[in-house]
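When the sequence shown is numbered by our numbering, its final residue is 124 and no position is left out of the sequence of numbers.
Here a beta-carbon is modelled for each residue, glycine too, at the ideal position from N, C-alpha and C.
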Amino acid sequence: MEFYMIELNTIPLVPIDSMNETHLEEVEIINTLLTQLQAKADFVVISKTFEELLEHMQEHFATEEKMMQDAHYPSFRMHKADHDKVLNETRYAEMEWRNRKEIDALKAYFEEEILTWLDQHIKAMDTPMADFLGTKHARYGL
Ligand SMILES: [Fe+2]
-17 MEFYMIELNT
-7 IPLVPIDSMN
3 ETHLEEVEII
13 NTLLTQLQAK
23 ADFVVISKTF
33 EELLEHMQEH
43 FATEEKMMQD
53 AHYPSFRMHK
63 ADHDKVLNET
73 RYAEMEWRNR
83 KEIDALKAYF
93 EEEILTWLDQ
103 HIKAMDTPMA
113 DFLGTKHARY
123 GL
């Protein structure tokens, strides 16, 4: 089976540095998880990384949502809905992983769903958000 890792320099950049740093951190956790899945690491090891990723995603989304709310960003609800959707899907993937312990299914979820989602979300949601906050709300010092 082929092995995919996310090249860090392929992550789309937005005009707010703190958001880019968060995206890079998240991709590093995803790459760790993909490496462990590829190596067929122990269930406990993979589960621990998966848990770490879910915590990072929650923190990442909550931070962006607070930034949007503070700035009265007009597309807040649409952006938050995209966060909620992927978080629910990833929680479901974790439940499936814990119940079935299927390495290939989890690997496919990340390679086929999450990698595409991340690229599209950064381009379609995070970039316009960062543009809005960066230009119209520069006074917030974000
Ligand atoms: Fe986002």
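Nearest neighbour of residue i, chosen from the options [CA to CA]
i, options, result
"alanine 112", "Lys48, Trp99 and Phe92", "Lys48"
"threonine 45", "Lys62, Pro110 and Asp101", "Lys62"
"glutamate 10", "Glu76, Tyr55, Val68 and Met39", "Met39"
"leucine 35", "His103, Phe92, Phe114 and Thr117", "Phe92"
"threonine 98", "Pro(-3), Thr4 and Ile12", "Ile12"
"alanine 21", "Lys89, Gln51, His42 and Gly116", "Lys89"
"isoleucine 28", "Trp79, Ala106 and Thr109", "Trp79"
"histidine 42", "Pro56, Glu3 and Thr31", "Glu3"
"phenylalanine 58", "Leu115, Leu(-10) and Ile(-2)", "Leu115"
Coil, strand or helix - residue i by DSSP
i, result
"valine 211", "This structure leaves residue 211 out entirely; the chain is present only between -17 and 124."
"glutamate -11", "coil"
"histidine 54", "coil"
"valine 68", "helix"
"lysine 105", "helix"
"valine 9", "helix"
"lysine 83", "coil"
"isoleucine -2", "coil"
"methionine 111", "helix"
"alanine 21", "coil"
Distance cut-off 7 Å: residue i Cβ against heavy atoms of ligand 1
i, result
"methionine 107", "yes"
"glutamate 46", "yes"
"histidine 54", "no"
"histidine 38", "no"
> Contact between the stretch 11 to 26 and the stretch 77 to 93: three or more CB pairs below 8 Å?
Replying inline: As far as the Cβ criterion goes, the stretch 11 to 26 touches the stretch 77 to 93, which means the pair count is three or higher.
>> Across the stretch -7 to 8 and the stretch 76 to 86, are there enough close Cβ pairs to call them in contact, namely three or more that are closer than 8 Å?
In response: Counting Cβ pairs under 8 Å, fewer than three are found: no touch.
>> For the pair the stretch -14 to -4 and the stretch 100 to 108, tell me if three or more CB-CB distances fall below 8 Å.
In response: Below 8 Å, enough C-beta pairs join the stretch -14 to -4 and the stretch 100 to 108 to call them touching: three or more.
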